[in-house]
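Student: Below are the structure tokens for one structure; questions will follow.
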Ligand code: GDG
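Numbering (our numbering), first residue to last: 116 to 583.
In structure tokens, the structure reads:
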């Protein structure tokens, strides 16, 4: 048993396997945010290495202890693709796609969560702090508390927590709430998510809630207070600024515009190919604008990066077909030899290329139907060191709570979305600058480091609270 003071538990380890069987770190906000704490505390990270049936011993990587959890083909199918991505994901995103409730998926979820909790219990030293991440592991907090009552447990929920009327569909609604309440601090993206959770706890478990505190009765008759609160996640803004300053990336941005035929305006969408992201609504609005003649393919091009995601889940297979049919129709109707309406890219790119795209785009379209936060919106803003560009942002993305200077839209209102796109295309530079500066300030001041610092401070406060 190793003795880490700080343990992160997440579905995925922060590394990817390279071609020759070695490991390289997978760049993500979470890793960047936790790296300083990890180094300072000789932290451990418990997670799945991303490939089925890979049995590996714990190993050290860049100052962290990595503890791999092996998942079989069947675990991946039932726990990950099934319960996490075909039950919880659609249910928590307001049933945009129909959630499927399968008892065998739930059983696999319980089983895999138990294995994660055991591994975390083994990795944590006496009195350690353990931070559990996201909806794949909602049962881990209580399972871990049962094994290790001495550790302080945090949980952060990266996706929305739905309104009670929807949440109550879940056949295992009580067990999931009990699992989460094992944490001392339960963090959400938005205030609304935290209040949806508190309401579910009151209705299902009849517990008392007061401000962010939830009174959780203990087996010995005493009670402890769990805190459910919003901690909006962010990005490592300085990294985006540094990359956006790089002359080669700026040159690449100019080259992208040239390759698109130098349109007057470039619109951009960047999403995992997911039904929550509102890609279809965006395409519909853009297609209608071309049809109405309010935009012309000679002047405006939409670049849509839809990176491959969850390619074995049925709803994702159908979504891809629908999107590609729509893109093909719109391009077929409006393309000319020299200009394309939509440059559609079902590919994943290096981060440098993403930033060149952000710099090349006059208008960024974030039209999510439901999104915990949406980091793409923050990345676009952070990259615009020239204080130019317009962010069109769905009010259903968590980011809209902080980025009020974006053009906020309701993606279901296609007419309103079309008007916002036209307004963005024609927005004077001075107004762009005013809005962009306000958003940039927010993202700079509240970066991912501030996010983890605030969460961990809330967790430390639990530990020092009287009676703890
Ligand atoms: C979940 C929640 C919440 C995308 N394509 C490429 C690429 N990306 C990067 C983006 C961004 C990330 O992936 C996507 O983050 P989002 O926040 O937009 O969305 P989810 O993946 O759904 O994330 C979400 C988030 O967790 C954090 O809490 O904000 O609401 O759903 O960083 O840039 N990166 C590269 N190539 C690509 O092709 N390099």
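Virtual Cβ for every residue (Gly too), placed ideally from N, Cα, C.
Ligand 1: which residues have Cβ under 6 Å from any of its heavy atoms, chain order?
Tutor: 273, 274, 348, 385, 387, 420, 422, 463, 464, 465, 466, 469, 486, 487, 488, 489, 490, 491, 494
Student: Please report the straight-line C-alpha distance between residue 433 and residue 168, rounded to a whole angstrom.
Tutor: Here residue 433 is taken as the residue at index 318 of the chain shown, counted from 1. Here residue 168 is taken as the residue at index 53 of the chain shown, counted from 1. Just so you know, the alpha carbons of residue 433 and residue 168 end up roughly 28 Å apart.
Student: In the DSSP assignment, find the unbroken beta strand (DSSP E) run with residue 419 in it and report its ends.
Tutor: Residue 419 sits at position 304 when you count from the first residue of the chain shown. Counting along the chain, the beta strand (DSSP E) containing residue 419 begins and ends at 415-422.
Student: On the three-state DSSP scale, how would you describe residue 583?
Tutor: As a working note, residue 583 is residue 468 in the chain shown. Caution is warranted here: a pLDDT of 48 is assigned to residue 583, below 50, making its placement in the model unreliable, and the coordinate value is therefore given only provisionally. Three-state DSSP puts residue 583 in coil, outside helix and strand.
Student: Taking 8 Å as the cut-off, does the region 177-186 touch the region 396-410 (at least 3 CB pairs, one atom from each stretch)?
Tutor: no
Student: Reducing DSSP to helix, strand and coil, say where residue 210 ends up.
Tutor: Working through the chain shown from its first residue, we reach residue 210 at position 95. Coil.
Student: With a 10 Å radius around its C-beta and 16 neighbouring C-beta atoms as the bar for buried, classify residue 260 as buried or exposed.
Tutor: Within the chain shown, numbered from 1, the residue matching residue 260 stands at position 145. So residue 260 ends up on the buried side.
Student: Opposite residue 119 in the DSSP bridges: which residues?
Tutor: Here residue 119 refers to the residue found at position 4 of the chain shown. Residue 119 is bridged to 239.
Student: Output the residue ranges of the beta strand (DSSP E) runs that lie fully inside the region 307-364 and measure 3 residues or longer, sorted by chain position.
Tutor: As far as the region 307-364 is concerned, its whole beta strand (DSSP E) runs of at least 3 residues are 328-332, 338-345.
Student: Please state whether the Cβ-Cβ distance between residue 236 and residue 215 is less than 8 Å.
Tutor: Working through the chain shown from its first residue, we reach residue 236 at position 121. Working through the chain shown from its first residue, we reach residue 215 at position 100. Contact flag unset, no.
Student: Hey, is the region 187-194 in contact with the region 213-228, meaning 3+ C-beta pairs nearer than 8 Å?
Tutor: yes
Student: Using a C-beta cutoff of 8 Å, does residue 406 count as contacting chain C?
Tutor: No chain C appears in this structure, which consists of one protein chain only.
Student: Could you work out which residue in 510, 553, 504, 232 is closest to residue 547 when comparing CA atoms only?
Tutor: Within the chain shown, numbered from 1, the residue matching residue 547 stands at position 432. When only C-alpha atoms are compared, the closest one is 504.
Student: For residue 574, collect the residues of the same chain with a Cβ closer than 7 Å to its Cβ; drop the 5 residues on either side in sequence, then sort them by chain order.
Tutor: Along the chain shown, one-based indexing puts residue 574 at 459. The residues are 244, 267, 269, 299, 300.
Student: Which runs of the alpha helix (DSSP H) fall wholly inside the region 161-235 and span at least 4 residues, in chain order?
Tutor: For the alpha helix (DSSP H) assignment, the uninterrupted runs of no fewer than 4 residues enclosed by the region 161-235 are, from N- to C-terminal side, 204-207.
Student: So residue 302 and residue 272 are supposed to be a Cβ contact under 8 Å. How far apart are they, rounded?
Tutor: What you label residue 302 is simply residue 187 of the chain shown in a count that begins at 1. What you label residue 272 is simply residue 157 of the chain shown in a count that begins at 1. Confirmed, about 7 Å.
Student: Going by other Cβ atoms of all chains shown within 10 Å of its Cβ, with 16 needed for buried, is residue 554 buried or exposed?
Tutor: Within the chain shown, numbered from 1, the residue matching residue 554 stands at position 439. Residue 554 comes out buried.
Student: Tell me where the alpha helix (DSSP H) around residue 552 begins and ends.
Tutor: In the chain shown, residue 552 corresponds to position 437, counting from 1. Taken as a continuous stretch (DSSP letters only), the alpha helix (DSSP H) holding residue 552 covers 544-560.
Student: Which of the three DSSP states is assigned to residue 128 in this structure?
Tutor: Locating residue 128 in the chain shown gives position 13, where the first residue counts as 1. Looking at residue 128 - three-state DSSP - the assignment turns out to be coil, as it is neither helix nor strand.
Student: If you measure between the beta carbons of residue 584 and residue 540, is that distance less than 8 Å?
Tutor: Outside the shown range of the chain, which is 116 to 583, sits residue 584, and nothing can be said about it.
Student: For residue 572, which residues in the same chain have their Cβ closer than 6 Å to its Cβ, ignoring the five residues on either side in sequence?
Tutor: On the chain shown, position 457 is the one that residue 572 refers to. Result list for residue 572: empty, nothing under 6 Å.
Student: In the structure shown, what three-state DSSP assignment does residue 568 receive?
Tutor: Looking up residue 568 in the chain shown gives position 453. In the structure shown, residue 568 sits in a helix (DSSP, three-state: H, G or I).
Student: Counting C-beta neighbours from all protein chains within 10 Å, is the total for residue 234 16 or more, i.e. buried, or is it exposed?
Tutor: Residue 234 sits at position 119 when you count from the first residue of the chain shown. That one is buried.
Student: Out of 369, 387, 388, 360, which one is the CA nearest neighbour of residue 380?
Tutor: Locating residue 380 in the chain shown gives position 265, where the first residue counts as 1. Cα-wise, what sits closest to residue 380 is 369.
Student: Could you give the residue range of the beta strand (DSSP E) that holds residue 598?
Tutor: Absent from the structure is residue 598, since the part of the chain shown begins at 116 and ends at 583.
Student: Nearest by alpha-carbon distance to residue 91: which of 359, 187, 451, 512 is it?
Tutor: An answer regarding residue 91 cannot be provided, because it is not within the stretch 116 to 583 covered by the chain.
Student: Contact defined as beta carbons within less than 8 Å: I believe residue 252 pairs with residue 228. What is the distance between those atoms, to the nearest angstrom?
Tutor: Here residue 252 refers to the residue found at position 137 of the chain shown. Here residue 228 refers to the residue found at position 113 of the chain shown. Their Cβ separation, rounded to whole angstroms, is 6 Å, which keeps residue 252 and residue 228 in contact under 8 Å.
Student: Identify every residue that forms a DSSP beta bridge with residue 479.
Tutor: Along the chain shown, read from residue 1 onward, the residue named residue 479 stands at position 364. BP columns for residue 479 point to 383, 506.
Student: Taking the beta carbon of residue 362 as the centre, do at least 16 other beta carbons fall within 10 Å, making it buried, or is it exposed?
Tutor: Along the chain shown, one-based indexing puts residue 362 at 247. When all chains shown are included, residue 362 counts as exposed.
Student: Quick check on the DSSP output: the beta strand (DSSP E) that includes residue 271 runs from which residue to which?
Tutor: Translated into positions along the chain shown, residue 271 becomes position 156. Per DSSP, residue 271 belongs to the beta strand (DSSP E) from 267-271.
Student: Can you name, in chain order, every residue of its own chain whose Cβ lies under 6 Å from the Cβ of residue 420, other than the five neighbours on each side?
Tutor: Counting from one through the chain shown, the residue named residue 420 turns up at place 305. 385, 460.
Student: Measure the C-alpha to C-alpha separation of residue 417 and residue 446 and round it to an integer number of angstroms.
Tutor: As a working mapping, residue 417 is identified with position 302 in the chain shown. As a working mapping, residue 446 is identified with position 331 in the chain shown. Computed Cα separation, rounded: 11 Å.
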